[in-house]
Amino acid sequence: MSGEVEVKYKILSEHLIWVDETLIDELISFLEEKLGSDVVISRDRNFILIGLSKDQDLSKRTLKVYIKRFLHKYELLDRLRVISGDKDSYIIHKRRGIEVTRF
6 MSGEVEVKYK ILSEHLIWVD ETLIDELISF LEEKLGSDVV ISRDRNFILI GLSKDQDLSK
66 RTLKVYIKRF LHKYELLDRL RVISGDKDSY IIHKRRGIEV TRF
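Read in order, the letters of the sequence shown correspond to residues 6 to 108 in our numbering.
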(Lines of atoms letter the chains of each structure in order from A; the text may use other names.)
(Lines give C-alpha, C1' and ligand atoms only; values in the text may rest on other atoms or scores of the structure.)
Protein backbone atom coordinates (compact mmCIF):
# COMPACT_ATOMS: atom_id res chain seq x y z
CA MET A 6 0.00 0.00 0.00
CA SER A 7 1.45 3.34 -0.95
CA GLY A 8 0.88 6.61 0.81
CA GLU A 9 -0.25 7.56 4.24
CA VAL A 10 -3.36 5.91 5.69
CA GLU A 11 -6.21 8.13 6.87
CA VAL A 12 -9.52 7.21 8.48
CA LYS A 13 -12.10 7.37 5.73
CA TYR A 14 -15.18 5.85 7.39
CA LYS A 15 -16.46 5.20 10.92
CA ILE A 16 -19.10 2.70 11.96
CA LEU A 17 -20.82 3.18 15.32
CA SER A 18 -21.68 -0.32 16.47
CA GLU A 19 -23.06 0.24 19.96
CA HIS A 20 -26.30 -1.66 19.31
CA LEU A 21 -24.38 -4.54 17.72
CA ILE A 22 -22.40 -4.88 20.96
CA TRP A 23 -25.66 -5.03 22.93
CA VAL A 24 -26.59 -8.18 21.00
CA ASP A 25 -23.24 -9.93 21.49
CA GLU A 26 -19.79 -8.51 22.32
CA THR A 27 -18.02 -10.86 19.89
CA LEU A 28 -20.05 -9.66 16.89
CA ILE A 29 -17.94 -6.53 16.51
CA ASP A 30 -14.83 -8.68 16.07
CA GLU A 31 -16.73 -10.85 13.59
CA LEU A 32 -17.74 -7.72 11.65
CA ILE A 33 -14.12 -6.55 11.53
CA SER A 34 -13.03 -9.96 10.20
CA PHE A 35 -15.87 -9.95 7.65
CA LEU A 36 -14.94 -6.48 6.39
CA GLU A 37 -11.24 -7.39 6.18
CA GLU A 38 -12.15 -10.41 4.08
CA LYS A 39 -14.42 -8.42 1.75
CA LEU A 40 -12.33 -5.24 1.44
CA GLY A 41 -8.92 -6.88 1.10
CA SER A 42 -5.60 -6.49 2.84
CA ASP A 43 -4.94 -2.94 1.59
CA VAL A 44 -7.61 -1.51 3.88
CA VAL A 45 -6.76 -0.88 7.54
CA ILE A 46 -9.61 -1.70 9.93
CA SER A 47 -9.37 -1.06 13.66
CA ARG A 48 -11.62 -0.79 16.69
CA ASP A 49 -11.94 2.15 19.07
CA ARG A 50 -14.48 1.21 21.75
CA ASN A 51 -17.87 1.26 19.97
CA PHE A 52 -16.43 2.47 16.66
CA ILE A 53 -14.96 0.54 13.77
CA LEU A 54 -12.50 2.74 11.88
CA ILE A 55 -11.73 2.06 8.23
CA GLY A 56 -8.54 3.59 6.89
CA LEU A 57 -7.51 3.98 3.27
CA SER A 58 -4.48 5.50 1.61
CA LYS A 59 -5.03 8.62 -0.46
CA ASP A 60 -4.90 6.73 -3.77
CA GLN A 61 -7.52 4.12 -2.73
CA ASP A 62 -11.26 4.53 -3.10
CA LEU A 63 -14.18 2.85 -1.40
CA SER A 64 -17.72 4.05 -1.92
CA LYS A 65 -19.94 4.56 1.08
CA ARG A 66 -22.68 2.54 -0.61
CA THR A 67 -20.38 -0.48 -1.01
CA LEU A 68 -19.56 -0.34 2.69
CA LYS A 69 -23.27 -0.24 3.57
CA VAL A 70 -23.94 -3.30 1.40
CA TYR A 71 -21.18 -5.25 3.17
CA ILE A 72 -22.53 -4.30 6.60
CA LYS A 73 -26.04 -5.39 5.57
CA ARG A 74 -24.65 -8.70 4.24
CA PHE A 75 -22.97 -9.26 7.60
CA LEU A 76 -26.24 -8.58 9.46
CA HIS A 77 -28.04 -10.98 7.12
CA LYS A 78 -25.38 -13.67 7.62
CA TYR A 79 -25.89 -13.55 11.39
CA GLU A 80 -29.70 -13.23 11.05
CA LEU A 81 -29.72 -9.77 12.62
CA LEU A 82 -31.26 -7.84 9.74
CA ASP A 83 -34.71 -8.15 11.30
CA ARG A 84 -33.47 -6.51 14.55
CA LEU A 85 -30.76 -4.10 13.39
CA ARG A 86 -30.42 -1.67 10.48
CA VAL A 87 -27.67 0.43 8.94
CA ILE A 88 -28.26 4.18 8.81
CA SER A 89 -26.06 7.03 7.68
CA GLY A 90 -24.62 9.11 10.49
CA ASP A 91 -23.00 11.83 8.44
CA LYS A 92 -20.76 12.17 5.40
CA ASP A 93 -18.23 9.58 6.55
CA SER A 94 -20.03 7.36 9.05
CA TYR A 95 -22.66 4.69 9.48
CA ILE A 96 -24.60 3.65 12.56
CA ILE A 97 -25.76 0.11 13.25
CA HIS A 98 -29.03 0.89 15.00
CA LYS A 99 -31.88 -1.17 16.39
CA ARG A 100 -35.10 -1.21 14.41
CA ARG A 101 -38.09 0.64 15.79
CA GLY A 102 -40.37 -1.44 17.94
CA ILE A 103 -37.72 -4.13 18.40
CA GLU A 104 -36.04 -4.70 21.72
CA VAL A 105 -32.42 -5.74 21.28
CA THR A 106 -31.50 -8.59 23.60
CA ARG A 107 -28.40 -10.71 24.01
CA PHE A 108 -28.24 -14.20 22.52
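Note that CB positions come from ideal geometry on N, CA and C, so glycine has one too.
Should I97 and I16 be called a contact, given that it needs their Cβ atoms to be closer than 9 Å?
Residue mapping note: residue 97 aligns to position 92 of the sequence shown, counting from 1. Residue mapping note: residue 16 aligns to position 11 of the sequence shown, counting from 1. Yes, Cβ-Cβ distance for I97 and I16 is below 9 Å.
Does the segment 47-66 touch the segment 9-27, meaning 3 or more C-beta pairs lie closer than 8 Å?
These segments touch.
Give the straight-line distance between the Cα atoms of V87 and Y79, rounded to the nearest whole angstrom.
On the sequence shown, residue 87 is found 82 positions in, with the first residue counted as 1. On the sequence shown, residue 79 is found 74 positions in, with the first residue counted as 1. Going from the Cα of V87 to the Cα of Y79 covers about 14 Å.
To the nearest angstrom, how far is it from the Cα of T27 to the Cα of D43?
Position 22 of the sequence shown, counted from the first residue, corresponds to residue 27. Position 38 of the sequence shown, counted from the first residue, corresponds to residue 43. About 24 Å.
Taking the straight line between their C-alpha atoms, what separation do you get for D62 and G41?
Within the sequence shown, the letter at position 57 stands for residue 62. Within the sequence shown, the letter at position 36 stands for residue 41. Each residue's alpha carbon lies about 12 Å from the other.
Please classify S18: is it buried, with 16 or more other beta-carbons within 10 angstroms of its beta-carbon, or exposed?
Numbered from its first residue, the sequence shown carries residue 18 at position 13. Classification of S18: buried, given that the 10 Å Cβ count is 16 or more.
To the nearest angstrom, how far is it from the Cα of V24 to the Cα of F75?
Along the sequence shown, read from residue 1 onward, the residue named residue 24 stands at position 19. Along the sequence shown, read from residue 1 onward, the residue named residue 75 stands at position 70. Taking the straight line joining both Cα atoms gives about 14 Å.
What is the DSSP secondary structure of L63, counted as helix, strand or coil?
Within the sequence shown, the letter at position 58 stands for residue 63. Of the three classes helix, strand and coil, the one that applies to L63 here is coil, per DSSP.
Among residues of its own chain, excluding the 5 on either side of R48, which ones have a beta-carbon nearer than 7 Å to its beta-carbon?
Taking the sequence shown and counting its residues from 1, the one referred to as residue 48 is at position 43. The residues are I29 and I33.
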